[in-house]
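Data first, discussion second: the structure below is written as structure tokens.
Protein chains: 2
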Amino acid sequence: VNDILSVDPRTGAAVEVVGSQTDAGEVDARCRAAARAPRRFGADRAERARLLHAVADALDGRREAIVDTADRETALGRPRLAGELTRTTYQLRLFAEAVTHGGYLEAIIDHPADTPMGPRPDLRRMLVPIGPVAVFGAANFPLAFGALGGDTAAALAAGCPVVVKAHPSHPATSRLVVEIANAAGLPPGVLGVVYGQPAGADIVQHPAIRAVGFTGSLRGGRALHDLAAARPDPIPFYGELGSINPVVVTPAAAAERGDDIAAGLVASFTLGNGQFCTKPGLVFLPVEADLLDAVAALVRQVPSGWLLDGRVQAGFEARVSELGEHATPLAHGRAAELAGFVGTPAVFSVPASAMDGNVMEEAFGPATVLVTYPDTAELIDALGRLPAALTATVHAGAGETQLPALLVETLRDRVGRIVWNGFPTGVAVTAAMHHGGPYPASTSIHTSVGVTSIRRFLRPLAFQSTPDSQLPPELREANPLRIPRQVDGRPTT
Amino acid sequence: VNDILSVDPRTGAAVEVVGSQTDAGEVDARCRAAARAPRRFGADRAERARLLHAVADALDGRREAIVDTADRETALGRPRLAGELTRTTYQLRLFAEAVTHGGYLEAIIDHPADTPMGPRPDLRRMLVPIGPVAVFGAANFPLAFGALGGDTAAALAAGCPVVVKAHPSHPATSRLVVEIANAAGLPPGVLGVVYGQPAGADIVQHPAIRAVGFTGSLRGGRALHDLAAARPDPIPFYGELGSINPVVVTPAAAAERGDDIAAGLVASFTLGNGQFCTKPGLVFLPVEADLLDAVAALVRQVPSGWLLDGRVQAGFEARVSELGEHATPLAHGRAAELAGFVGTPAVFSVPASAMDGNVMEEAFGPATVLVTYPDTAELIDALGRLPAALTATVHAGAGETQLPALLVETLRDRVGRIVWNGFPTGVAVTAAMHHGGPYPASTSIHTSVGVTSIRRFLRPLAFQSTPDSQLPPELREANPLRIPRQVDGRPTT
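Protein chains in written order, with the working numbering: chain Y, 15 to 507; chain C, 15 to 507.
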């Protein structure tokens with residue numbers, strides 16, 4: 015009963031006993047080891063950048079084993095997982111570059127000065143690691159948001175030791191990548207892993223843990239958020255909890271390129287068998303457009319596919335059944351005779367005026383709802399009822415400005431990213447990305463993807479009137495490490 | 015019973031009925047008004063900077079009335095309050111400059127590019143206002159951390175409407191400065207005020223409120239933190255909750271300049287009658303130093319003074335009584351025959367080995383505890399038991415390096431600011447300041463003082479493949495507003 019099993023979604027059968035649930039004593043040992051990890055890891059940026067590169071190289075060096083293991087546990091397919099490993103190691107190297115560059119430290123120096131309130135002392139401030147971080151990887155990205163994924167890369171880049179809670183959908187993958195990373199030379203205590211739901215609750219509440227990174231369901235995330243907030247000493251809980259990702263197609267766009275939009279939409283909501291947090295879940299279409307028929311026709315050609323695990327399958331089936339009660343089933347995909355955990359694409363439709371809370375909940379898997387609107391007034395009214403989301407997408411006609419501007423105005427307060435004439439799946443790992451949004455999209459004002467995600471695991475530390483020799487090198491007068499700093503209000507590089 | 019009274023601490027008597035507790039319906043109206051405040055306030059930085067300057071000018075123009083009212087309600091004295099008003103208007107103007115400069119927007123542009131994961135779309139990200147903010151000002155800074163104080167200035171600078179909960183210690187001051195600010199031209203809904211504890215709980219839970227700024231007690235702050243975390247949609251709670259602020263004097267420093275340190279310490283812990291969140295509450299001294307006698311002699315000359323209100327007085331008396339049970343009373347100040355809410359300075363001592371949890375709790379008011387250590391080992395052991403704090407201070411001998419470095423190493427993980435050869439009272443409003451620390455010092459990784467405090471009330475918003483004309487001006491290709499941006503990894507100004 016305490017076994018941690020690696021299950022093949024293509025058969026539904028356990029193929030390996032990865033280990034057993036980590037008990038409370040072992041959890042405590044992992045968290046204490048993280049707290050005891052060498053201070054040098056947090057302080058020596060050059061060494062840390064070297065280690066991040068070494069981990070990336072080691073993961074690339076074991077590409078075949080990692081992709082095989084992840085494919086066996088998630089059925090996401092080798093090509094997708096190979097791309098995901100590329101993203102994983104790219105992320106580690108990109109963050110290593112940021113560590114070397116040093117701009118992320120937000121170093122600020124204000125020399126002594128007279129102010130209207132009297133003399134001001136010498137003040138120097140930079141960001142420092144927040145301390146050990148608990149990371150809960152996502153089911154749907156076993157590599158890029160798994161044990162060595164975005165949150166772990168960001169925390170390590172910040173200089174924080176990490177204790178990973180292995181996702182039950184891919185425990186063997188988690189174990190493998192952690193082993194590889196540790197063998198690549200991470201100092202003792204810097205990267206640990208625990209297994210099982212009780213261990214997950216334990217790490218969130220462990221005194222040594224100073225922040226949590228989480229990607230997963232609203233229900234699971236909220237439960238852990240509440241544990242983090244109820245600690246004797248509450249800690250930041252950075253949760254990315256999923257999203258309905260509205261897409262709006264204007265009448266002009268539907269008229270101009272309805273077929274392209276239909277094709278793009280079906281590709282987007284069935285990508286990875288619909289298991290993306292940025293999957294378009296509500297698509298607003300003009301009621302008179304032929305788009306519904308075009309989407310339905312395309313969906314009927316998409317075959318069933320595997321879902322990540324039995325819970326995802328059960329959740330998807332329940333959600334599709336609920337949707338069937340509150341929206342009109344329009345089409346479903348080509349049922350394939352597959353064993354294991356299977357999900358078949360499904361598309362529903364509902365008039366904008368009838369769109370209620372039952373329709374506005376995420377369906378994790380290959381389902382989407384087409385919401386038809388007769389006019390702008392009903393469209394805007396419906397958009398005003400939407401919950402917050404990671405993304406909102408606008409498809410506008412060529413040169414169309416007024417309606418799209420109104421749509422963005424209506425949507426911008428409740429989303430983290432606005433996509434034009436595209437689809438929200440595909441989250442680029444770059445500085446200008448924001449992956450997050452008001453609750454329930456996330457529980458944080460910071461992004462969980464891209465270089466600025468490192469900020470989550472840092473806190474400021476100020477030094478007042480401190481002798482140069484006692485300052486961290488990043489704040490010494492001569493700037494020996496040549497990092498970008500703001501000095502007396504002016505940027506220096 | 016629902017009256018909001020302005021009480022004179024010098025007599026303990028109510029001198030004015032400021033109004034009555036804001037009822038639930040009025041709270042709802044204020045929060046809705048904040049949510050309806052003109053979008054232009056959040057979008058037009060030039061207009062917002064102009065408004066911040068106008069508010070600062072208007073407050074300066076009513077200097078006498080404001081200082082009189084605040085002095086009558088807090089007994090902090092006109093000179094101190096005049097300085098505080100200077101700080102308040104300086105803060106508003108400094109933040110207006112930051113708004114104009116635009117660097118705080120963290121604008122980042124990544125043009126389309128090829129990546130190892132395939133082509134990347136055009137992505138542009140900036141920070142946008144988080145939405146209406148609830149602000150709970152501090153008792154001890156009726157102006158600089160009151161209704162128009164740091165949190166309000168930061169939220170307004172960010173572009174967020176504010177609903178202030180007036181502090182019960184200074185409701186008339188809160189009402190006055192809000193009236194002055196609104197008369198200076200703030201758009202409708204941008205600045206509201208509510209009165210009474212139930213209204214405070216209501217605003218934290220109101221759906222329109224998107225973040226909370228709080229400065230006050232651990233107990234009150236924790237209660238509101240828990241309300242914010244338990245909302246259907248949890249919101250950030252930025253609480254600054256108080257602190258023990260350890261000061262360590264090395265044997266070399268004590269030998270070199272013991273008298274100066276004693277004088278500085280007594281001045282610091284009795285400043286404003288000890289009602290500073292950065293008041294030194296635990297002072298570590300070598301056991302053989304004459305410092306204890308010097309401090310005791312100085313304390314005996316400091317007269318009693320008024321405390322902010324009856325609750326502060328009751329709390330201070332209870333805490334002094336508790337300290338008397340767990341530490342040795344060393345000296346108390348010169349009891350003056352004052353009416354009203356009075357606190358008399360008190361200093362205690364305890365050996366480092368006997369320093370326990372009872373001694374390590376903040377006493378809000380003019381009391382401090384001298385902790386004597388026989389050697390470095392006992393000192394470091396005691397420092398290792400300290401709770402997190404806003405500040406830690408080190409007094410070192412001239413040229414002394416080894417012991418101070420060890421002290422900083424021991425303290426840095428649990429504080430937000432390290433002060434050398436000075437005292438922690440006095441928090442400069444500047445970019446390099448950090449005012450915050452691990453819990454219980456604060457509930458946030460962001461500062462509540464200085465320019466970077468604006469970051470708390472902003473969230474990122476990313477635009478993908480968006481036509482130039484549909485972008486906010488700050489993100490348009492030509493950079494028409496000439497703000498600093500990072501473009502394709504390089505800073506531009």
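Where is the CB? At the ideal position from N, CA and C, for every residue including glycine.
Since this is a predicted model, take the numbers as computed values, not measurements.
Report all residues from its chain with a CB closer than 6 Å to the CB of residue i; omit the five preceding and five following residues, and keep chain order.
{"i": "P156(C)", "result": "A84, T88, H184 and T187"}
{"i": "A396(C)", "result": "A366 and M369"}
{"i": "R469(C)", "result": "H460"}
{"i": "F437(C)", "result": "G278 and S282"}
With a threshold of 9 Å between beta-carbons, can residue i be considered close to chain C, or not?
{"i": "E423(Y)", "result": "yes"}
{"i": "M374(Y)", "result": "no"}
{"i": "D427(Y)", "result": "yes"}
{"i": "S367(Y)", "result": "no"}
{"i": "Y563(Y)", "result": "An answer regarding residue 563(Y) cannot be provided, because it is not within the stretch 15 to 507 covered by chain Y."}
{"i": "F55(Y)", "result": "no"}
{"i": "Y387(Y)", "result": "no"}
{"i": "I275(Y)", "result": "no"}
{"i": "A442(Y)", "result": "yes"}
{"i": "Q500(Y)", "result": "yes"}
{"i": "H448(Y)", "result": "yes"}
{"i": "L393(Y)", "result": "no"}
{"i": "R77(Y)", "result": "no"}
{"i": "R470(Y)", "result": "yes"}
With a Cβ-Cβ cutoff of 9 Å, do residue i and residue j count as a contact?
{"i": "A446(Y)", "j": "D124(C)", "result": "yes"}
{"i": "G295(Y)", "j": "S335(Y)", "result": "no"}
{"i": "N435(C)", "j": "S483(Y)", "result": "no"}
{"i": "A110(C)", "j": "L141(C)", "result": "no"}
{"i": "A198(Y)", "j": "A68(Y)", "result": "yes"}
{"i": "L99(C)", "j": "R64(C)", "result": "no"}
{"i": "P182(C)", "j": "I80(C)", "result": "no"}
{"i": "D240(Y)", "j": "A244(C)", "result": "yes"}
At least one CB of chain Y closer than 9 Å to the CB of residue i: is that the case?
{"i": "N435(C)", "result": "yes"}
{"i": "E120(C)", "result": "yes"}
{"i": "V113(C)", "result": "no"}
{"i": "L475(C)", "result": "yes"}
{"i": "R431(C)", "result": "yes"}
{"i": "H67(C)", "result": "no"}
{"i": "T187(C)", "result": "no"}
{"i": "H181(C)", "result": "no"}
{"i": "A38(C)", "result": "no"}
Can you find the residues in the same chain that come closer than 8 Å, C-beta to C-beta, to residue i, ignoring five residues on each side of it along the sequence?
{"i": "A222(C)", "result": "C45, R46, A48, A49, G145 and P146"}
{"i": "V364(C)", "result": "H340, A341, T342, V373, V383, L384, V385 and T386"}
{"i": "C174(Y)", "result": "G56, P143, I144, G145, P146, V147, R224, A225 and F471"}
{"i": "T114(C)", "result": "R59, A60 and A63"}
Near residue i, what residues of its chain come up, given a Cβ to Cβ distance below 7 Å and the 5 sequence neighbours on each side ignored?
{"i": "L485(Y)", "result": "R138 and F477"}
{"i": "T102(C)", "result": "L73, L157, A158, L162 and G163"}
Under 8 Å: does the beta carbon of residue i sit that close to some heavy atom of the ligand FMN?
{"i": "A213(Y)", "result": "No copy of the ligand FMN occurs in the structure displayed, which carries no ligand at all."}
**Q.** Segment contact, 8 Å Cβ cut-off, at least three pairs: the segment 364-378 of chain Y with the segment 334-345 of chain Y
**A.** yes
Q: Pair every Cβ in the segment 260-276 of chain C with every Cβ in the segment 476-490 of chain C, then say whether three or more of these pairs are closer than 8 Å.
A: With a cut-off of 8 Å, the segment 476-490 of chain C and the segment 260-276 of chain C do not count as touching, because too few Cβ pairs lie within range.
Q | Interface residues of the segment 219-239 of chain C facing chain Y [CB-CB below 7 Å] | A | H239
Q.
With three or more beta-carbon pairs closer than 8 Å as the criterion, would you say the segment 451-464 of chain Y touches the segment 423-437 of chain Y?
A. yes
Q | Three-pair Cβ contact test at 8 Å for the segment 207-215 of chain Y versus the segment 126-137 of chain Y | A | no
Q: Residues of the segment 134-146 of chain Y with a CB closer than 8 Å to any CB of chain C: list them in chain order, please.
A: R134, P135, L137, R138, R139, V142, I144 and G145
Q. Should the segment 404-413 of chain C be regarded as contacting the segment 345-358 of chain C, the criterion being three or more beta carbon pairs within less than 8 Å?
A. no
Q) In the segment 96-107 of chain Y, which residues sit with their C-beta less than 7 Å from some C-beta in chain C, listed in chain order? A) G97, T100, R101 and Y104
Q | Interface positions of the segment 479-497 of chain C facing chain Y (Cβ-Cβ less than 8 Å), listed along the chain | A | Those residues of the segment 479-497 of chain C that come within reach of chain Y (Cβ to Cβ, closer than 8 Å) are S479, T480, P481, S483 and Q484.
Q. Touching or not, the segment 346-353 of chain Y and the segment 307-315 of chain Y, by the rule of three or more beta carbon pairs under 8 Å?
A. yes
Q) Looking at chain Y, which residues of the segment 79-97 of chain C have a Cβ within less than 9 Å of any of its Cβ atoms? A) G97
(Q) Output needed in chain order: residues of the segment 155-179 of chain C with a Cβ under 7 Å from some Cβ in chain Y. (A) none
Q. Got a sec: which bits of the segment 323-348 of chain C sit with their beta carbon under 7 Å from any beta carbon on chain Y, in order along the chain?
A. Cβ contacts with chain Y: none found.
Q) the segment 449-462 of chain C: which residues have C-beta closer than 9 Å to a C-beta of chain Y, in chain order? A) Among the residues of the segment 449-462 of chain C, those with a Cβ less than 9 Å away from any Cβ of chain Y are H449, G450, G451, P452, Y453, P454, T457, S458, I459, H460 and T461, in the order of the chain.
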